[in-house]
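Engineer: Here it is, the structure in full.
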Ligand SMILES: Nc1ncnc2c1ncn2[C@@H]1O[C@H](COP(=O)(O)OP(=O)(O)OP(=O)(O)O)[C@@H](O)[C@H]1O
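In full-length UniProt numbering, the protein residues as written are 1 to 254.
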């Protein structure tokens, strides 16, 4: 099966002289969820910016649904939906209008889009807020609108930045259920988060970034095994990061 996302030997960042990412490679298959984890500044957002085509690779390549952005912009862009950490909504559109706008932008069939929107409104307990403007919504409700828009599209590749912060317990449960549904329908999910227990339970695979390099990857069990059989992903993460730092220090003669 062709991966929804393939990153090969990607080196990139904000300036050619000082790359942030150093030759990273990983893939996400349809129906799978990969967790992207790393310390603040490790390169997670930079990786996502490269996938979204907001930054150009210095070398290496990114493919979505088998194509590079420059080969087929329409196919590439219509295959991804992205939920940023900070909600960004149109101030003059209601929640329902946001969903309608997204459905149009992605060319979804109207009846199907309305059915899905109604289901998402129920799942995220947003029925009563469908006629509201963003300014009148709480922070978590705005985040829910962003998630509902991305889930409405049901794209081959769903990229979500830190989705669990700010969601109430029922919304968190609704999201994990909706992500399971998205996977069952064949979406590949790349999820960046610092909430490791959630990923330990849910992710099919993990990519551990440190200073722009992948220091471990595989299933959560693989990653724990790589960290001397750590009991939890939190423990594994700490071991892997500290090991990488002491190896880096040794190489520099520190
Ligand atoms: N606009 C920018 N210009 C130059 N360098 C940047 C810019 N944004 C981030 N960086 C640098 O890129 C590196 C990776 O940052 P990135 O935002 O990808 O980290 P992250 O893993 O997403 O961190 P966090 O968990 O804090 O969101 C850091 O060294 C950071 O200083």
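For every residue, glycine included, the Cβ atom is placed at its ideal position computed from N, Cα and C.
Note that the structure is predicted; figures quoted are calculated from it, not measured.
Report the option in 220, 210, 103 whose CA atom is closest to the CA atom of residue 243.
Structural biologist: It is 210 whose Cα lies nearest to the Cα of residue 243.
Engineer: Can you look up residue 11 in the DSSP assignment and give me helix, strand or coil?
Structural biologist: If DSSP states are grouped into helix, strand and coil, residue 11 belongs with the strands.
Engineer: Would you identify the three-state DSSP class for residue 26, choosing helix, strand or coil?
Structural biologist: Of the three classes helix, strand and coil, the one that applies to residue 26 here is strand, per DSSP.
Engineer: Are the Cβ atoms of residue 272 and residue 214 separated by less than 8 angstroms?
Structural biologist: Because residue 272 is not part of the residues shown, which for the chain are 1 to 254, the question remains open.
Engineer: Check whether the Cβ atoms of residue 218 and residue 206 lie closer than 8 angstroms to each other.
Structural biologist: Yes.
Engineer: Collect the residues with a C-beta less than 6 angstroms away from any heavy atom of ligand 1 and give them in sequence order along the chain.
Structural biologist: For ligand 1, the selected residues are 14, 20, 38, 40, 41, 42, 43, 44, 45, 46.
Engineer: Could you tell me the alpha carbon to alpha carbon distance between residue 25 and residue 203, rounded to whole angstroms?
Structural biologist: So the alpha carbons of these two residues sit roughly 18 angstroms apart.
Engineer: Thinking residue 44 and residue 36 are a contact (beta carbons under 8 angstroms), I'd like their distance in whole angstroms, please.
Structural biologist: That pair is a contact at about 5 angstroms.
Engineer: Give every residue of the same chain whose Cβ lies closer than 6 angstroms to the Cβ of residue 160, excluding the five residues on either side of it in the sequence, and list them in chain order.
Structural biologist: Excluding residues within five positions, the ones whose Cβ falls inside 6 angstroms are 83, 191.
Engineer: If you scan the segment 216 to 247 from start to end, which runs of the alpha helix (DSSP H) of 4 or more residues do you find wholly inside it?
Structural biologist: Fully enclosed alpha helix (DSSP H) runs of 4 or longer: 220 to 226.
Engineer: Apart from the five residues on each side of it in sequence, which residues of its chain come closer than 8 angstroms, Cβ to Cβ, to residue 19?
Structural biologist: Excluding residues within five positions, the ones whose Cβ falls inside 8 angstroms are 11, 12, 13, 58, 212.
Engineer: Considering only residues of the same chain and omitting the five flanking positions on each side of residue 86, which have a CB-CB separation below 7 angstroms?
Structural biologist: Closer than 7 angstroms at the Cβ level, and outside the excluded window around residue 86, lies no residue.
Engineer: Spatial neighbours of residue 151 within its chain, please: C-beta separation below 7 angstroms, excluding the five flanking residues on both sides.
Structural biologist: Excluding residues within five positions, the ones whose Cβ falls inside 7 angstroms are 120, 178, 182.
Engineer: Roughly how many angstroms lie between the CA atoms of residue 167 and residue 188, to the nearest whole one?
Structural biologist: When rounded, the distance between both Cα atoms is 22 angstroms.
Engineer: Go through its chain and collect everything with a Cβ distance to residue 257's Cβ below 8 angstroms, but skip five positions before and after it.
Structural biologist: A query on residue 257 cannot be resolved here, the shown segment of the chain reaching from 1 to 254 and no further.
Engineer: So for residue 63, helix, strand or coil by DSSP?
Structural biologist: Strand at residue 63.
Engineer: Counting only runs of 3+ residues fully inside the segment 181 to 218, write out the beta strand (DSSP E) ranges in chain order.
Structural biologist: Qualifying beta strand (DSSP E) stretches, in chain order: 188 to 192, 205 to 210, 213 to 218.
Engineer: By Cβ distance, which residues of its chain are closer than 6 angstroms to residue 157, with the 5 residues on each side in sequence left out?
Structural biologist: For residue 157, where only same-chain residues beyond five positions count, the Cβ hits under 6 angstroms are 4, 5, 64, 79, 80, 188.
Engineer: From residue 103 to residue 15, what distance separates their C-alpha atoms?
Structural biologist: The alpha-carbon atoms of residue 103 and residue 15 are separated by roughly 36 angstroms.
Engineer: For residue 72, name the three-state secondary structure that DSSP assigns.
Structural biologist: Correct three-state label for residue 72: coil.
Engineer: Which value, in whole angstroms, describes the spacing of the CA atoms of residue 137 and residue 40?
Structural biologist: The straight-line gap from Cα to Cα measures roughly 29 angstroms.
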